[in-house]
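A short write-up of the structure that comes next.
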Amino acid sequence: MRSGANCWMMVGVMAVLLWACGSATCPGAPVTNAAAPGASAYPNTLGPYAVTAKGFILNWLIVGPFPNIGNRVDGCKGWGTDFLQAYGGEAAFMAWKDREVKTIFAESDYWLGGEAKLKWFVHASTADLIDLGKLIDYPALGITFKPIQYASAYAFCLVESPVERTVTIAIGADDDYKVWLNHALLGGQPVFGACVVDKYTHATILKKGLNPLLLKCGTDSGGWDFCVRFLDADKKPVADLRIFLPERE
Ligand SMILES: [Ca+2]
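Sequential numbering of the sequence shown, starting at 5, is according to my numbering.
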């Protein structure tokens, strides 16, 4: 009986100790620091960079070329091809400066065949339109003419908004495009033609903090460029956004 009473006493003491250790003051207890909202996902970034007074994003990470096989008659197949599939896929993908991705060109009428690693590179544009035809080159793949034709590329940035808000993303593209915000596909068009400001629009939400933005733009021939900005409910540019570019995961 006596040992049984001692046993219940021990249980009581342990219960008190467990209750006390439930508080943050219990010595030796592991401490988990809560991550700062938003910033912890991107610990290393370049920036911030302002958007222009008209809202255009000029600072991007860019990678390409990828093969946009075919033409506007039989369909440029690059628009429907996920060139980032081996790295988590277009929707989940996170770019950072110098991140390597593989590109594979089959021998075709447009370029010599080849396989190589591309690196995401930083681009700071001085114009609203990002001219991919002047930026992207890969002579090792046998692509020796400019602008590169029958090709596709990606552009990525983090868009920082001071508040959560409903906006419209407005895109111009020569030729086809797809766009993802916060890893969700907003839309795209397998189209052909010159880059026209605000030609394609998608209603969306910018979260407070950092919003990863991925754009895909492909060309068959001629020009190869795009422009992106956000508009408010009055169709006026959202000019208080800041752009960051991840340096590493
Ligand atoms: Ca074109």
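Backbone N, C-alpha and C define an ideal beta-carbon position, used for all residues, glycine too.
Residues of the same chain with a CB within less than 7 Å of the CB of Ile61, apart from the 5 flanking positions on each side, are Val55, Cys161, Val232, Arg233 and Ile247 in chain order. Distances from the CB of Trp83 to the heavy atoms of ligand 1 are all 8 Å or more.
Put simply, the backbone Cα of Gly79 is about 13 Å away from that of Ala155. Taking 8 Å as the cut-off, the C-beta of Ser225 counts as close to a heavy atom of ligand 1. Checking the 8 Å criterion, the Cβ of Trp115 is out of range of every heavy atom belonging to ligand 1. In this structure, DSSP gives Ala90 a helical state, which the three-state scheme calls helix. Assigned with DSSP and collapsed to three states, Leu116 falls in coil, not helix or strand. Check the Cα spacing between His187 and each of Asn215, Pro194 and Asp180: the tightest is with Asn215. Judged by DSSP in its simplified three-state form, Leu162 adopts strand. Along the segment 60–109, the beta strand (DSSP E) occurs as fully enclosed runs of 3 or more residues at 63–71 and 104–109, listed in sequence order.
For Lys138, the uninterrupted alpha helix (DSSP H) run begins and ends at Leu136 to Leu139, by DSSP. Distances from the alpha-carbon of Lys220 to those of Asp180, Ala57, Gly213 and Lys101 put Asp180 closest.
The continuous stretches of beta strand (DSSP E) do not include Leu245, and DSSP gives it neither H nor E. For Phe248, the shortest separation between its Cβ and any heavy atom of ligand 1 does not lie below 8 Å. DSSP places Thr208 inside the beta strand (DSSP E), whose first and last residues are Tyr204 to Leu210. Taking 9 Å as the cut-off, the Cβ atoms of Ile209 and Glu164 do not count as close. Secondary-structure assignment with DSSP links Gln153 through no beta bridge to anything.
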